[in-house]
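In my numbering, the protein residues as written are 1084 to 1247. In this text, a Cβ means the ideal position worked out from N, Cα and C, and glycines have one as well. Read the structure below first, then the notes.
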């Protein structure tokens, strides 16, 4: 059923328009460095974040929401820049990395309120702060779906990786 939903919403003809929303992020050294960190299975943090970003962009565009903020927040939602499998952090990674990602993103880019909310709330309901915006909720749910699919199938979820 979820695959059917995504097949109706995801349009790979929108890749060029999507890229205009995130080109400055895709070219930034910090975002590119996400390729060096494994997120799930053998999928890099960059690949995971790009997939979350593109799917969130497509859904928000289809639903008449702020797709630019969803694309940007989705791409930056895991900008924590460390190997969470081996790096010791203060607190559990699942609870702390949204704040680290927001701090990193806020230091590097000019973020709007929606983008900040997307980044810091994407681990809901593990973290107790409810997403404030519909775009935040979309990115949160897409992130969960991508994580489950990446872990269970051990494959990249999005062909947009090959188009960027």
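Reduced DSSP category for residue i - H, G, I as helix; E, B as strand; rest coil
i: residue 1211; result: coil
i: residue 1228; result: helix
i: residue 1148; result: coil
i: residue 1180; result: helix
i: residue 1107; result: helix
i: residue 1185; result: helix
i: residue 1162; result: coil
i: residue 1233; result: helix
i: residue 1220; result: helix
For residue i, the residue or residues it bridges with in DSSP
i: residue 1127; result: 1121
Run of the alpha helix (DSSP H) containing residue i, from where it starts to where it stops
i: residue 1096; result: Here residue 1096 belongs to no alpha helix (DSSP H), and DSSP marks it neither H nor E.
i: residue 1196; result: 1196-1204
i: residue 1112; result: 1112-1115
Whole-angstrom C-beta distance between residue j and residue i, which should lie under 8 Å
i: residue 1222; j: residue 1131; result: Wrong, their Cβ atoms sit about 12 Å apart, outside the cutoff.
i: residue 1113; j: residue 1162; result: 7 Å
i: residue 1225; j: residue 1101; result: Between residue 1101 and residue 1225 the Cβ distance is about 14 Å, and since that is not below 8 Å, they are no contact.
i: residue 1158; j: residue 1127; result: About 13 Å; that fails the 8 Å criterion.
Chain-order list of residues whose beta-carbon lies under 8 Å from that of residue i (same chain, five-residue window excluded)
i: residue 1212; result: 1203 and 1204
i: residue 1168; result: Any reading at residue 1168 must be qualified, since the residue scores a pLDDT of 47, below 50, and its modelled position is unreliable; no value is offered.
i: residue 1182; result: 1203
Close beta carbons around residue i, own chain, < 6 Å, minus the five adjacent residues each side
i: residue 1104; result: 1151 and 1154
i: residue 1216; result: 1197 and 1200
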